[in-house]
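Some notes on the structure that comes next.
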Amino acid sequence: MMSKVALALRSSFPPFAGALSGASKNHLRNEPLHDCEENCLMLVDALQEYAVVMLDPEGMVLSWNAGAERTKGYQSEEILNHNFSCFFTPEDIVEGRPTEVLRLTAAIGRLEEEGMRMRKDGSLYLAKVTTTRLRERDGQVRGFWEVSRDLSESKESEAKYRGLLEAAPDAMVVVNEKGKIVLLNVQAEKEFGYRRNELVGQKVTNIIPEGFAERLVADGTRTAAQALAQQIGTGIELYGRRKNGSEFPIEIMLSPLESAEGILVTAAIRDISVRKAAETHLAQMEGRYRGLLEAAPDAMVVVNQRGEIVLLNLQAEKQFGYHRNELVGQKVKNVIPEGFAERLVADALRSTEDALAQQIGTGMELTGRRRDETEFPIEIMLSPLESAEGILVTAAIRDISVRKAAEANLLHKVEELNRSNDELEQFAYIASHDLQEPLRMVASYTQLLSRRYKGKLDADADEFIGFAVDGASRMQRLIRDLLEYSRVRTKGMDLSATSGEEALHRALSNLSGAIGDSGARVTHDPLPNVMADEIQLVQLFQNLIGNAIKYQNAEVPRVHISATRNGGGKFIFSVKDNGLGIDSQYFEKIFGMFQRLHKREEFTGTGIGLAICKKIVERHGGSISVESELGRGSTFRFALAASEHP
Amino acid sequence: MKTVNGKGAAFQVLLVDDSPGDARLTREAFLAANPAIEVHVTTDGLDAMSFLRHEGAHANSPPPDLILLDLNLPRMNGREVLASIKEDPALKKIPTVILTTSESEVDILKCYQLCANSYLSKPVQLEAFEKLVTSINDFWLVKAKLPQQGGSDE
Chain A
762 MMSKVALALR SSFPPFAGAL SGASKNHLRN EPLHDCEENC LMLVDALQEY AVVMLDPEGM
822 VLSWNAGAER TKGYQSEEIL NHNFSCFFTP EDIVEGRPTE VLRLTAAIGR LEEEGMRMRK
882 DGSLYLAKVT TTRLRERDGQ VRGFWEVSRD LSESKESEAK YRGLLEAAPD AMVVVNEKGK
942 IVLLNVQAEK EFGYRRNELV GQKVTNIIPE GFAERLVADG TRTAAQALAQ QIGTGIELYG
1002 RRKNGSEFPI EIMLSPLESA EGILVTAAIR DISVRKAAET HLAQMEGRYR GLLEAAPDAM
1062 VVVNQRGEIV LLNLQAEKQF GYHRNELVGQ KVKNVIPEGF AERLVADALR STEDALAQQI
1122 GTGMELTGRR RDETEFPIEI MLSPLESAEG ILVTAAIRDI SVRKAAEANL LHKVEELNRS
1182 NDELEQFAYI ASHDLQEPLR MVASYTQLLS RRYKGKLDAD ADEFIGFAVD GASRMQRLIR
1242 DLLEYSRVRT KGMDLSATSG EEALHRALSN LSGAIGDSGA RVTHDPLPNV MADEIQLVQL
1302 FQNLIGNAIK YQNAEVPRVH ISATRNGGGK FIFSVKDNGL GIDSQYFEKI FGMFQRLHKR
1362 EEFTGTGIGL AICKKIVERH GGSISVESEL GRGSTFRFAL AASEHP
Chain B
7 MKTVNGKGAA FQVLLVDDSP GDARLTREAF LAANPAIEVH VTTDGLDAMS FLRHEGAHAN
67 SPPPDLILLD LNLPRMNGRE VLASIKEDPA LKKIPTVILT TSESEVDILK CYQLCANSYL
127 SKPVQLEAFE KLVTSINDFW LVKAKLPQQG GSDE
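Rendered as structure tokens:
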């Protein structure tokens, strides 16, 4: 097919004849062609990417290569000797564009343009076309070369990139150095609420008001590229503004993109509203916990397993006199020298958790050391805190100086009170003992007087001596009872296992005279062994049974003694009588010193018997009480600890 | 009852007591029990030792058949007097009875360790006291056999 073209060309353009016959060299072997020309022709013929077409001065097609056939769709037979205007769109043809192109090219030598062209099948494509004029030596135009390329082919590969851009999960915006948007993806459209054509060519500040455009502009000290380079790969947090004016937090990643238009910037923009909200929530939560920590009345210190302080509150700063920064990372041993750090370290027998578990919730009393080296007593409560760093220990530390001082003060007061009690009892003992001597003289000599001189003086003298004798002997009884009362403590023996039964029998034996005189019936249940001072237990029974027999008007006074075990290792003893009974208003009073409910003429006594009973029971760690009704007898009850060996 | 020593008074009793009231009461009680007893009274320990050793104002004192010794005495207390008596070969044979208001266990033990012949507490009541003195007389001066005066010097 090319043989004809070549022949035609050779006849028309002798200087190019050789060049144009390359494709048909097999048919032109008889022609004297230069190797070079033949090679050039082969090259043109083989070009697939470029359509290379030779035109005569009127635009008639003189040659046709493989690229032309591929891009424009015509076989060489179909197009040779046809006008090239059929490559233009009908609109261009109407406007006389083909003629215009030839005229301009003829005038200026070379014309380059991008424009739509039409294929044989009528489809349009974007082409980049270069038209070059061919002249004879005399300057006359002999024809044109039209070299064109289908730009849509290169656009196809661009489409692949566009696909990639669109597939990106983030909004992507490409901005030029002037801060104008040159490209964006569908995510960007969605996020900012604009249609693509509303944004292309617009200032990027419309959608990212601050912080982006500034980064594109080099300040005096660096180039835009340098400015950018600093930001590459970093997530910059900014605000995006939607078409409706609402703003939302974004994170943006910049990367430079060199292009024919200069350095472009690709920005990957991510909506971080959700993340920001979560962060805010977390910050709020942490804020609350910190608030809780700071509001705690105690010093709080969190310590890791190495014994280093990792967190503390304001109270801890105050108590120990350090600034927070001075304590964080320090060994807890510096502020609590002993007893805390040791508990963090598991010994060979147990794990840290076990070691801790033993201490949880217990208030340990340790010593804290302030920054100024002064020490103060603390109570410390530990609790484990699982964290990413392993088990931390939260310690609530309370300054117990005040409590300690109060305790010491209380202890001191108790000691003082005990001492004063002891002194008082000692005093009572000594006073009553020493009172006895002069009183013995008074009593003895008034009795001697009475004995020797009764009836020898006058009646007044007898009466006076009588009162003196009576007063002295009553005083003697009071002092004797007082001595007995004070002896309950000063002369008491240690408690030991004592047979209740035996103590009762001794008491009854001591009371045999009174029992015989009154005709009383004293009965009892089996009595247990108890922890007691036997002498005092005898005295206790003796006083209670003695009272039961004494305060009587019954024909046959009856007294019954029994004991029942209570829940807690104690026996409740009861001494029940059928005597006069006691008005309930005196239930408390009768156990006081020198308290009497009856006139001296009715019943003798100093009113100290029950006070001694109360003191004895209390010395044994129990209490005594009475239950009674006037005229219906009384029941006295007291509790004593059971003996371990019954 | 005039037996043993054959002197004017049947018995010589030395009472060592600093309380004149007590001393008089004891003397009254002894006289009530046995009028033949002569009661000599010294009011402190040193005076008692002078009496026993016939020294000073007591050069002519009789050797007592019985000593009644109180413990609370000025200058030289009852225990010291007791110790001196029991260390003295001439005096230790004389029955020495402690008669005191003290009921202290310590006093009782100490006195027996120092070889007191008995330890008696003074009863508070007059009648009880009189009974006690009577029983002292009955036991030490009537029933008990005592060594001859002066015969025991070794």
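Chains as they are written, first to last, in my numbering: chain A, 762 to 1407; chain B, 7 to 160.
Idealized CB from N, CA, C, for every residue including glycine.
Computed from a predicted structure; not experimentally measured.
The DSSP assignment places 827 to 833, 837 to 840 and 851 to 855 as complete runs of the alpha helix (DSSP H) inside the region 824 to 865 of chain A, in order along the chain (cut-off: 4 residues). Interface annotation, residue 1236 of chain A: not in contact with chain B, CB-CB separation never under 7 Å.
In the DSSP secondary-structure assignment, residue 906 of chain A is bridged to A:815 and A:893. Beta-carbon to beta-carbon, residue 1403 of chain A and residue 1382 of chain A are separated by about 12 Å, too far to satisfy the 8 Å threshold.
Considering only A:804, A:1294, A:830 and A:1265, the residue with the shortest C-alpha distance to residue 1285 of chain A is A:1265. Close CB contacts of residue 1334 of chain A within its chain, under the 8 Å cut and outside five residues either way in sequence, are with 1261, 1288, 1322, 1323, 1324, 1398, 1399, 1400 and 1401 (chain order). For residue 149 of chain B, the three-state secondary structure derived from DSSP is helix. Look at residue 1174 of chain A here: in three-state DSSP terms it is helix. Distance between residue 1234 of chain A and residue 27 of chain B, taken at the CA atoms: about 18 Å.
With a threshold of 7 Å between beta carbons, residue 1208 of chain A makes contact with chain B. Judged by beta-carbon spacing, residue 1202 of chain A lies beyond the 7 Å limit of residue 1256 of chain A, meaning their Cβ atoms are not closer than that value. With a 10 Å radius around the Cβ and a threshold of 16 neighbouring Cβ atoms, residue 1245 of chain A comes out buried. According to the DSSP assignment, residue 1383 of chain A belongs to no alpha helix (DSSP H), since it is labelled neither H nor E. Between residue 77 of chain B and chain A, the shortest Cβ-Cβ separation is not below 7 Å. In this structure, the CA atom of residue 1236 of chain A is about 8 Å from the CA atom of residue 1200 of chain A. At a cut-off of 7 Å between beta-carbon atoms, residue 1205 of chain A makes contact with chain B. Short of 6 Å from the beta carbon of residue 63 of chain B, and not among the five residues preceding or following it, lies no beta carbon of its own chain. Listed along chain B, the residues sitting closer than 9 Å to residue 1197 of chain A by beta-carbon distance are 107 and 130. By the C-beta density criterion, residue 121 of chain B is exposed, having fewer than 16 other C-beta atoms within 10 angstroms. Annotation for residue 1093 of chain A: no beta strand (DSSP E) segment contains it, and DSSP assigns it neither H nor E. A distance below 8 Å between beta-carbons, with the five flanking residues on each side excluded, links residue 880 of chain A to the following residues of its chain, in chain order: 832, 833, 834 and 886. As for any beta strand (DSSP E) of minimum length 3 sitting wholly inside the region 1060 to 1090 of chain A, the runs are 1060 to 1064 and 1070 to 1073, ordered along the chain.
Around the beta-carbon of residue 102 of chain B, 16 or more other beta-carbon atoms lie within 10 Å, marking it buried. The alpha-carbon separation between residue 1001 of chain A and residue 1046 of chain A amounts to approximately 27 Å. Annotation: residue 1380 of chain A to residue 141 of chain B spans about 40 Å, alpha carbon to alpha carbon. Per the C-alpha coordinates, the member of A:1385, A:823, A:1190 and A:892 positioned closest to residue 871 of chain A is A:892. Residue 1340 of chain A counts as buried, since no fewer than 16 other beta carbons sit within 10 angstroms of its beta carbon. In this structure, residue 1071 of chain A and residue 1127 of chain A do not form a Cβ contact; the two beta carbons are roughly 20 Å apart against a cut-off of 8 Å. Taking 7 Å as the cut-off, the beta carbon of residue 1303 of chain A is found closer than this to the beta carbon of residue 1271 of chain A. The closest CA to that of residue 111 of chain B, considering only A:1177, A:1252, A:1092 and A:1360, is found on A:1252.
Contacts with chain B at 7 Å (Cβ-Cβ) include residue 1202 of chain A. In the DSSP assignment, residue 46 of chain B falls within the beta strand (DSSP E) that extends over 43 to 48. Beta-bridge analysis with DSSP links residue 1010 of chain A to A:1000. In the DSSP secondary-structure assignment, residue 1141 of chain A is bridged to A:1125 and A:1158.
Taking all protein chains shown into account, residue 1350 of chain A has fewer than 16 neighbouring C-beta atoms within 10 Å of its C-beta and is therefore exposed. In the DSSP annotation of this structure, residue 154 of chain B is not part of any beta strand (DSSP E), being labelled neither H nor E.
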